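Student: Under numbering that gives the first Met the number 0, the first residue of the sequence shown is numbered 0, with each subsequent residue one higher.
All residues carry an ideal CB built from backbone N, CA and C; glycine is no exception.
In this text the structure is predicted, and so the values were computed from the model without any measurement.
I'd like to ask you about the structure that follows.
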Amino acid sequence: MSNQFQEQGIVTVPYIAGDGIGPEIWQAARPVIDAALTKAYGHTKAIEWLEILAGEAAYTQTGTWLPEETISAIKTHNLALKGPLTTPIGEGFRSLNVTLRQTLDLYACVRPVRYFSGVPSPLKEPEKTDMVIFRENTEDVYAGIEFAVDDPQTKSLVALLTDQFNVHTIRFPEDTAIGIKPMSISGSQRLVKAAIDYALAHGRQTVTLVHKGNIMKFTEGGFKNWGYQLAETDYPDQCFTMAQFRRLIQSNGEIAAQEALTQAKADGKLIINDVIADNFLQQILLYPEKYDVIATCNLNGDYISDALAAQVGGIGIAPGANINYQTGAAIFEATHGTAPDIAGSGKANPCSLLLSACMLLEYLGWQEAADMITSAIESAIADQQVTADFAGLLPGATCLSTQEFGQRLIDTLSR
Ligand code: NAI
Numbered sequence: 000m001s002n003q004f005q006e007q008g009i010v011t012v013p014y015i016a017g018d019g020i021g022p023e024i025w026q027a028a029r030p031v032i033d034a035a036l037t038k039a040y041g042h043t044k045a046i047e048w049l050e051i052l053a054g055e056a057a058y059t060q061t062g063t064w065l066p067e068e069t070i071s072a073i074k075t076h077n078l079a080l081k082g083p084l085t086t087p088i089g090e091g092f093r094s095l096n097v098t099l100r101q102t103l104d105l106y107a108c109v110r111p112v113r114y115f116s117g118v119p120s121p122l123k124e125p126e127k128t129d130m131v132i133f134r135e136n137t138e139d140v141y142a143g144i145e146f147a148v149d150d151p152q153t154k155s156l157v158a159l160l161t162d163q164f165n166v167h168t169i170r171f172p173e174d175t176a177i178g179i180k181p182m183s184i185s186g187s188q189r190l191v192k193a194a195i196d197y198a199l200a201h202g203r204q205t206v207t208l209v210h211k212g213n214i215m216k217f218t219e220g221g222f223k224n225w226g227y228q229l230a231e232t233d234y235p236d237q238c239f240t241m242a243q244f245r246r247l248i249q250s251n252g253e254i255a256a257q258e259a260l261t262q263a264k265a266d267g268k269l270i271i272n273d274v275i276a277d278n279f280l281q282q283i284l285l286y287p288e289k290y291d292v293i294a295t296c297n298l299n300g301d302y303i304s305d306a307l308a309a310q311v312g313g314i315g316i317a318p319g320a321n322i323n324y325q326t327g328a329a330i331f332e333a334t335h336g337t338a339p340d341i342a343g344s345g346k347a348n349p350c351s352l353l354l355s356a357c358m359l360l361e362y363l364g365w366q367e368a369a370d371m372i373t374s375a376i377e378s379a380i381a382d383q384q385v386t387a388d389f390a391g392l393l394p395g396a397t398c399l400s401t402q403e404f405g406q407r408l409i410d411t412l413s414r
């Protein structure tokens, strides 16, 4: 992602340390990021960290969970690094993460999933998993359009559907709740475009559209069709789609279609294909090497992100970013929660936050510093110097506290 930041020597990055284990992982991660920047660029490039509040810290200090100043600081700098936030419990509270994503229209949730050698994994060959997930972040059942079972509006809606739209498949109309699933051409195509642009910029081989269009033909089937249309219309010289392949079978036969696919691969074209979501969840266990960049709808993306993270070592190490590629606004964030069960015990793994910071550095165009942090993490794990979540699964490993793990990375960087 080359961008306006590339030439800037000092970039202000607002950060939210977060709740629970958030402050611990932040205190361990920040010096690592600063050390990598110094090592990579001397003092010609640096981050000026700007603390902003959200979650419990914000509530304690300001009486609101997500102060207006926090949102305006992110809007001003178009960037943030974020630890985990507690979702306030009680009627009427929305997830702070969802609020931030919707307020800034961060439509792409980007989750790279790769294996770090030595990390405990349930797979026999976890190194075959190397994917980048693009999850649509603003539509689908996540739009929050739901009507409760006892809401009079639900009765009106059921009556409208039954009487005016000829819907007769609501199995128990007397006591049903209703949820609505909006999915648009615009929302789907901007997400698929982000995935294709990423794949082209990073020399990836395929973009797979993951959907449940066999059942939800107009919403998820639409996602697939609109994705294919975008690739064919906007990237005719760079992409070859399996929709084209299927049309070629119909018009010119199987052999001609195979030849066109082989030629497209030989020409280095990006192959756009699709798979049904339930099949995909089998495929990623059986043949993860077949998948590369993934573009998917919101709810599928939620399940897929966590399933893939578990395949390569769990949420303690999975990074993420929420990005609007049109405005450039981006929040890089640890993907796990506040882990209240281990907060304050020094057991938290700071890798998810650190690898999210690496995505931020890449976004700034500061690849060298990102690579240094990634290598330092690889080295610590290869030497079995790990935090409690991994040490418990690796006989003979040295169990480091969150701070000690951060220090180990700094020691590696200063060599
Ligand atoms: P969680 O991710 O906080 O914890 C699940 C399990 O993973 C726990 O056993 C925890 O100890 C472990 N874990 C998580 N991060 C770890 C790390 N870095 N190192 C080692 N172990 C780690 O999920 P949970 O318990 O469902 O949620 C707790 C709170 O976090 C809730 O208030 C929830 O709403 C919030 N949450 C916030 C998220 C965010 O801010 N992005 C994401 C998920 C949950």
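Assign K216 to one of two classes, buried (16 or more other C-beta atoms within 10 Å of its C-beta) or exposed (fewer than that).
Tutor: Walking along the sequence shown from the start, residue 216 turns up at place 217. It counts as exposed.
Student: Take E231 and list the residues in its own chain whose beta-carbon comes closer than 8 Å to its own, dropping the five residues that flank it on each side.
Tutor: Your numbering for residue 231 matches position 232 in the sequence shown. Hits under 8 Å: C238, T240, A242 and Q243.
Student: Going along the chain, which residues of its own chain have a beta-carbon closer than 6 Å to the beta-carbon of E288, five neighbours each way excluded?
Tutor: As a first step, residue 288 must be located in the sequence shown, where it is residue number 289. These residues qualify, in order along the chain: K127.
Student: Thinking just about the alpha-carbon of each residue, which of L284, A317, I314 and D410 is nearest to the one in A379?
Tutor: Stepping through the sequence shown from its first residue, residue 379 is reached at position 380. Taking only the C-alpha atoms, the option nearest A379 is D410.
Student: My parser needs the beta strand (DSSP E) runs of 3 or more residues fully inside the stretch 316-374; what are they?
Tutor: Qualifying beta strand (DSSP E) stretches, in chain order: 318-322 and 329-333.
Student: Could you say which of Y290, Y324, D174 and L199 lies nearest to V209 if we only look at CA atoms?
Tutor: Taking the first residue of the sequence shown as position 1, residue 209 is located at position 210. The shortest C-alpha separation from V209 is found at Y290.
Student: Taking the alpha-carbon positions, what's the P394 to L307 distance?
Tutor: Locating residue 394 in the sequence shown gives position 395, counting from the first residue. Locating residue 307 in the sequence shown gives position 308, counting from the first residue. Approximately 24 Å between the Cα atoms of the pair.
Student: Got a sec? Which residues, its chain only, sit under 7 Å from I24 by beta carbon, not counting five neighbours each side?
Tutor: On the sequence shown, position 25 is the one that residue 24 refers to. Same-chain partners within the cutoff: G82, A333, A347, P349, L352 and T401.
Student: Tell me whether A200 is buried or exposed, calling it buried when 16 or more other Cβ atoms sit within 10 Å of its Cβ.
Tutor: In the sequence shown, the residue the question calls residue 200 occupies position 201. So A200 counts as exposed.
Student: Taking the alpha helix (DSSP H) that V97 belongs to, which residues open and close that run?
Tutor: Counted from its first residue, the sequence shown places residue 97 at position 98. Run containing V97: L95 to T102, per the alpha helix (DSSP H) assignment.
Student: Where P22 and G54 are concerned, what is the direct C-alpha to C-alpha distance, given to the nearest angstrom?
Tutor: The residue given as residue 22 occupies position 23 in the sequence shown. The residue given as residue 54 occupies position 55 in the sequence shown. So the two alpha carbons sit approximately 12 Å from each other.
Student: I'd like to know whether the C-beta atoms of G19 and P339 end up nearer to each other than 7 Å.
Tutor: As a working note, residue 19 is residue 20 in the sequence shown. As a working note, residue 339 is residue 340 in the sequence shown. Cβ distance < 7 Å, so G19 and P339 count as in contact.
Student: Exposed or buried, G226, counting other C-beta atoms within 10 Å across all chains shown (16 or more means buried)?
Tutor: Position 227 of the sequence shown, counting from 1, holds the residue named residue 226. The residue in question, G226, is buried, as its Cβ has 16 or more Cβ neighbours within 10 Å.
Student: What do you reckon, are the CB atoms on F146 and L156 nearer than 7 Å?
Tutor: Stepping through the sequence shown from its first residue, residue 146 is reached at position 147. Stepping through the sequence shown from its first residue, residue 156 is reached at position 157. Contact: yes.
Student: With DSSP collapsed to three states, give me the class of I214.
Tutor: Here residue 214 corresponds to residue number 215 of the sequence shown, with the count starting at 1. Three-state result, I214: coil.
Student: First and last residue of the alpha helix (DSSP H) that includes W25?
Tutor: The residue given as residue 25 occupies position 26 in the sequence shown. Element bounds for W25: G21 to Y40.
Student: Between which two residues does the alpha helix (DSSP H) containing L227 stretch?
Tutor: The sequence position of residue 227 within the sequence shown is 228, counting from 1. Residue identity check: residue 227 is Tyr in the sequence provided, not Leu. Taken as a continuous stretch (DSSP letters only), the alpha helix (DSSP H) holding Y227 covers E219 to D233.
Student: Q7 by DSSP, collapsed to three states: which one?
Tutor: On the sequence shown, position 8 is the one that residue 7 refers to. Residue state, collapsed to three classes: coil.
Student: May I have the straight-line CA-CA distance separating S71 from S185, to the nearest angstrom?
Tutor: Residue numbering aside, residue 71 sits at position 72 when the sequence shown is read from its first letter. Residue numbering aside, residue 185 sits at position 186 when the sequence shown is read from its first letter. Looking at the two C-alpha atoms, the distance is approximately 26 Å.
Student: Around the C-beta of I32, are 16 or more other C-beta atoms found within 10 angstroms, so that it is buried, or is it exposed?
Tutor: One-based indexing of the sequence shown puts residue 32 at position 33. With 16 or more other Cβ atoms within 10 Å, it is buried.
Student: By the DSSP assignment, the alpha helix (DSSP H) with T61 in it spans what residues?
Tutor: Within the sequence shown, the letter at position 62 stands for residue 61. Segment E55 to T61, the alpha helix (DSSP H) holding T61.
Student: Write down every uninterrupted run of the alpha helix (DSSP H) in the stretch 113-173 whose length is 4 residues or greater and which is fully enclosed by it, in chain order.
Tutor: Listed in chain order, the complete alpha helix (DSSP H) runs (minimum 4 residues) inside the stretch 113-173 are 151-163.
Student: Return yes when the C-beta of G21 is under 6 Å from any heavy atom of the ligand NAI, and no when it is not.
Tutor: Here residue 21 refers to the residue found at position 22 of the sequence shown. No - the ligand NAI has no heavy atom lying nearer than 6 Å to the Cβ of G21.
Student: Rank T43, L122 and V191 by C-alpha distance to the C-alpha of Q281 and give the top, closest one.
Tutor: Residue numbering aside, residue 281 sits at position 282 when the sequence shown is read from its first letter. Ranking the options by Cα distance to Q281, first place goes to L122.
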